[in-house]
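Residue numbers (full-length UniProt numbering): 1 to 380.
Below, the structure is given as structure tokens:
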């Protein structure tokens, strides 16, 4: 950058790093900005807070919030919404709610951030209550839920209509696709091939280029050892130029974000991490857990599959958390894709065996592991 860089230049660069998920770089630049004597404004802080939210960097997010208060930076609508989003995505939904409740004025984005945050934490009733306040739906949707009335297609259609009328088009679209995706996920425990076929057909019609749909269906086929269909799905992805996003998990240690991918050997402490992984594998074996090898989408031997599972990105991140922290410190991990079913089971075992609280934010929701159980009740 030139020597005469101003607030706009600094903010633009920090915002650019934030948008592409380069959290460490965004925060390093923010520190350089302060060292250069340039005072940030609320626009700059929105970018920094958003970077923390993407990465699930709670300690950094708390520090930035304290910095905002200390410097007397104006907390406008956009910055308040960014704080709600950050605390929700970092696992402190109660703090997000405090920020939301303290707002004198709220716009659609603020309401939406709070609703989505509650839903991510599995707090469906709270999310619906907030939603009801915004759209005056108390007698429609939440009453149905409270009375145990099964929603019909007309009910769902009305819900979509209300979302659209409120200007929440993205939420309406997500609501529709989530219905079919949840149905497909639920069908993994049944032999209803008709439901699998219908749900997958609808999903591909709605999102033909979404790699998650292909992976989800491949997982279902792999679960039943239908390797011909798994190979067909891979061919279909190739033919449609669909690229699977690489699985990546991150954990914040001492205000620095550490990232892992499957079988990642690049971390400077990988030898120590693998020692912890072997200890985890030994405890998991003694617990009687049988590896869910269907989560490995390769037609290889069972032993190779078990080895592959042990170095999934989320397991590497959790192992690093065990290596670098002690109880009662909460291990917080962020994953960009859905939680691997086997890693989910192993995380429950780790939480009980090591007496640690583990919080994982995956593509869909939060998972809070305590004493051998998960807040999602094994449904995600």
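Glycine included, C-beta positions come from ideal geometry on N, C-alpha and C.
In the DSSP assignment, find the unbroken alpha helix (DSSP H) run with residue 353 in it and report its ends. For residue 353, the enclosing alpha helix (DSSP H) begins and ends at 341-353.
Is residue 64 closer than 7 Å to residue 49 when the C-beta atoms are compared? In this structure, residue 49 lies near residue 64, with their beta-carbon atoms less than 7 Å apart.
Can you look up residue 258 in the DSSP assignment and give me helix, strand or coil? Here residue 258 sits in strand by DSSP.
Comparing C-alpha positions only, which one of 195, 226, 243 sits nearest to residue 208? Closest by alpha carbon: 243.
Considering only residues of the same chain and omitting the five flanking positions on each side of residue 373, which have a CB-CB separation below 7 Å? Short of 7 Å from the beta carbon of residue 373, and not among the five residues preceding or following it, lie these beta carbons of its own chain, in chain order: 348.
Counting beta carbon pairs with one atom in the segment 99-118 and one in the segment 362-377, are three or more of them shorter than 8 Å? No, they do not touch.
Sort 174, 129, 62, 7 by Cα distance to residue 37 and report the nearest one. Taking only the C-alpha atoms, the option nearest residue 37 is 7.
Considering only the alpha carbon of each residue, which of 360, 225, 33, 235 lies closest to residue 336? Minimum Cα distance to residue 336 is reached at 360.
DSSP on residue 263, reduced to helix/strand/coil? For residue 263, the three-state secondary structure derived from DSSP is coil.
Does DSSP put residue 311 in a helix, a strand or coil? Secondary structure at residue 311: coil, using DSSP grouped into helix, strand and coil.
Between 12, 331, 213, which lies nearest to residue 47 when the distance is taken from Cα to Cα? In terms of CA proximity to residue 47, 12 leads the group 12, 331, 213.
For residue 281 versus residue 310, is the C-beta spacing smaller than 7 Å? Yes; because the gap between Cβ atoms is below 7 Å, this pair is in contact.
Report all residues from its chain with a CB closer than 6 Å to the CB of residue 113; omit the five preceding and five following residues, and keep chain order. For residue 113, where only same-chain residues beyond five positions count, the Cβ hits under 6 Å are 81, 84, 85.
Between the CA atoms of residue 340 and residue 204 - distance to the nearest angstrom: Each residue's alpha carbon lies about 22 Å from the other.
Considering just the uninterrupted stretch of the beta strand (DSSP E) at residue 106, what are its terminal residues? Bounds of any beta strand (DSSP E) do not take in residue 106, whose DSSP letter is neither H nor E.
Which same chain residues end up closer than 7 Å to residue 257 when comparing Cβ atoms and leaving out the 5 residues on each side of it in sequence? For residue 257, same chain residues with a beta-carbon under 7 Å away, outside a window of 5 residues either side, are 23, 24, 55, 57, 250 in chain order.
Counting along the chain, where does the beta strand (DSSP E) carrying residue 250 start and finish? Note, residue 250: beta strand (DSSP E), 248-253.
Would you give the residue range spanned by the beta strand (DSSP E) that residue 377 belongs to? Residue 377: not part of any beta strand (DSSP E); DSSP gives it neither H nor E.
Measure the alpha-carbon distance for residue 223 versus residue 366 and round it to whole angstroms. The C-alpha of residue 366 is placed about 24 Å away from the C-alpha of residue 223.
Within 10 angstroms of the Cβ of residue 219, are there 16 or more other Cβ atoms? Answer buried if so, exposed if not. Label assigned to residue 219: buried.
In whole angstroms, give me the CA-to-CA distance for residue 137 and residue 131. The predicted position of residue 137 is uncertain, since its pLDDT is 43 and thus under 50; a value taken from the coordinates is nonetheless stated next. Straight-line Cα distance between these residues: approximately 7 Å.
Does the beta-carbon of residue 328 have 16 or more other beta-carbons within 10 angstroms, so that it is buried, or is it exposed? With fewer than 16 neighbouring CB atoms inside 10 Å of its own CB, residue 328 falls in the exposed class.
Kindly list the residues whose CB is nearer than 6 Å to the CB of residue 18, restricted to its own chain and excluding five residues on each side of it in sequence; keep chain order. Take residue 18, set aside five residues on each side of it, and the residues of its chain with a beta-carbon closer than 6 Å to its own are 26, 47, 50, 51, in chain order.
Cutoff 6 Å; reference residue 369; Cβ partners in own chain excluding five residues on either side: By the criterion of a C-beta distance shorter than 6 Å, residue 369 is surrounded in its chain by 347, 348, 351, 358, once the five residues flanking it on both sides are discounted.
Please go through the segment 45-126 and give each complete alpha helix (DSSP H) segment of 4 or more residues, from N-terminal end onward. Those alpha helix (DSSP H) runs which fall completely within the segment 45-126 and span 4+ residues are 58-71, 77-89, 93-102, 108-120.
Nearest-angstrom beta carbon gap, residue 79 and residue 45 [assumed within contact, 8 Å]: In this structure residue 45 is in contact with residue 79, their Cβ atoms being roughly 6 Å apart against a cut-off of 8 Å.
Tell me, please, whether the CB atom of residue 122 is closer than 7 Å to any CB atom in chain B? Absent from the structure: chain B. Only one protein chain is present.
Measuring CB to CB, does residue 332 end up less than 7 Å from residue 91? For residue 332 and residue 91, yes; Cβs fall inside 7 Å.
In whole angstroms, what is the alpha-carbon distance linking residue 2 and residue 235? Note that residue 2 scores a pLDDT of 46, beneath 50, so its modelled location is shaky and nothing firm can be said.
How should residue 184 be labelled, buried or exposed, when 16 other C-beta atoms within 10 angstroms of its C-beta is the threshold for buried? So residue 184 counts as buried.
Nearest-angstrom Cα separation, counted from residue 196 out to residue 77: Straight-line measurement puts the Cα of residue 196 at about 43 Å from the Cα of residue 77.
State yes or no: is the C-beta of residue 316 within less than 7 Å of the C-beta of residue 264? Taking 7 Å as the Cβ cut-off, residue 316 and residue 264 qualify as a contacting pair.
Hey, residue 237 and residue 221 are a contact pair by Cβ (cut 8 Å); roughly how many whole angstroms apart? No, residue 237 and residue 221 are not in contact; Cβ-Cβ is about 13 Å, not under 8 Å.
Between which two residues does the beta strand (DSSP E) containing residue 335 stretch? Segment 331-335, the beta strand (DSSP E) holding residue 335.
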